[in-house]
Amino acid sequence: GDSVTQMEGPVTLSEEAFLTINCTYTATGYPSLFWYVQYPGEGLQLLLKATKADDKGSNKGFEATYRKETTSFHLEKGSVQVSDSAVYFCALSDPAGTYKYIFGTGTRLKVLA
Amino acid sequence: KAGVTQTPRYLIKTRGQQVTLSCSPISGHRSVSWYQQTPGQGLQFLFEYFSETQRNKGNFPGRFSGRQFSNSRSEMNVSTLELGDSALYLCASSLAGGHEQFFGPGTRLTVL
Chain A
194 GDSVTQMEGP
204 VTLSEEAFLT
214 INCTYTATGY
224 PSLFWYVQYP
234 GEGLQLLLKA
244 TKADDKGSNK
254 GFEATYRKET
264 TSFHLEKGSV
274 QVSDSAVYFC
284 ALSDPAGTYK
294 YIFGTGTRLK
304 VLA
Chain B
2 KAGVTQTPRY
12 LIKTRGQQVT
22 LSCSPISGHR
32 SVSWYQQTPG
42 QGLQFLFEYF
52 SETQRNKGNF
62 PGRFSGRQFS
72 NSRSEMNVST
82 LELGDSALYL
92 CASSLAGGHE
102 QFFGPGTRLT
112 VL
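Chains as they are written, first to last, in our numbering: chain A, 194 to 306; chain B, 2 to 113.
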């Protein structure tokens, strides 16, 4: 079945470091891909999305490119801030029309000042 | 535009009781999905409703049920609560299934 695999956390970085969180997926069709962020005590917020191959989603300095050939959607940011500390979830929308999202397990990011 | 709201935000129940959680989607959104989030299992899909019909269900026992009303508001019910039901329950709405979802803040359920 469809699945999403994220790198295990936690990821600890110093402020202004470069961030990469890996995400790969398995899907039979052509899903839409998403990154969500969850701050402590809150629900998930959509960070960025891509709906077709080679699309690049971007928001708040974060970027991710839909790579069909490698079935990946890695999240990157050039210079992280302490305020980026959160849990990041990669997700795909089920292309088979069953109307559910499939989420990765989440990667906790901690940025130190 | 108001976001997704969930009530109550916190609940404490004892084993064997039942609980009902409520979710009000963003105005105009017709799809509502529910998720259970726990430290051990991560984010797990419970079910999705669209226009008062359940279109998909995750792998949860029948103690977990839901419904959606004509105004798109949704409720989920858990009967005969177990300790393992302690979790953050998240509701998400979207214009239609498969589109980007907008999440509420969640209801934190603690079962004692």
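We put the CB at the ideal spot given by N, CA and C, even for glycine. Source: prediction; values computed, not measured.
Can you pull the chain A neighbours of F104 of chain B, defined as C-beta to C-beta under 9 Å? Y229, Q231, E235, G236, L237, Q238, L239
Give the interface partners of F282 of chain A over in chain B, defined as CB-CB distance under 9 Å, in chain order.
G43, L44
Checklist entry - Along chain A, which residues have their Cβ under 8 Å away from the Cβ of N60 of chain B? => result What N60 of chain B touches in chain A: nothing, since even the nearest Cβ is about 11 Å away.
Report task. Identify the continuous beta strand (DSSP E) that holds I214 of chain A and give its terminal residues. Result -> 212-214
If we count Cβ pairs, one from each stretch, closer than 8 Å, do we get three or more for the region 68-86 of chain B versus the region 96-106 of chain B? no
Exercise. Taking buried to mean at least 16 other C-beta atoms within 10 Å of its own C-beta, is D247 of chain A buried or exposed?
Worked result: exposed
* Asked: If you run the structure through DSSP and keep just helix, strand and coil, what is G85 of chain B?
  -> helix
Subject >> Neighbouring residues, chain A, relative to L110 of chain B (Cβ below 9 Å) >> reply: None at all; the shortest Cβ gap to chain A is about 14 Å.
Name, please, each residue of chain B whose Cβ falls closer than 8 Å to the Cβ of K245 of chain A.
Here the premise fails: no neighbours, minimum Cβ distance about 14 Å.
Between T298 of chain A and chain B, is any beta-carbon pair separated by less than 8 Å?
yes
N-terminal and C-terminal residue of the beta strand (DSSP E) that S196 of chain A is part of: 196-199
- Item | Contacting residues, own chain, Cβ-Cβ under 6 Å from T15 of chain B (five flanking each side not counted) | L113
request  = Check V273 of chain A in the structure and name its three-state DSSP category.
outcome  = coil
Are the C-beta of K249 of chain A and some C-beta of chain B separated by less than 8 Å? no
query = Closer than 7 Å, Cβ to any Cβ of chain A: which residues of the region 61-93 of chain B, in chain order?
reply = L91
Do S25 of chain B and T6 of chain B count as a contact pair if the criterion is CB distance below 8 Å?
yes
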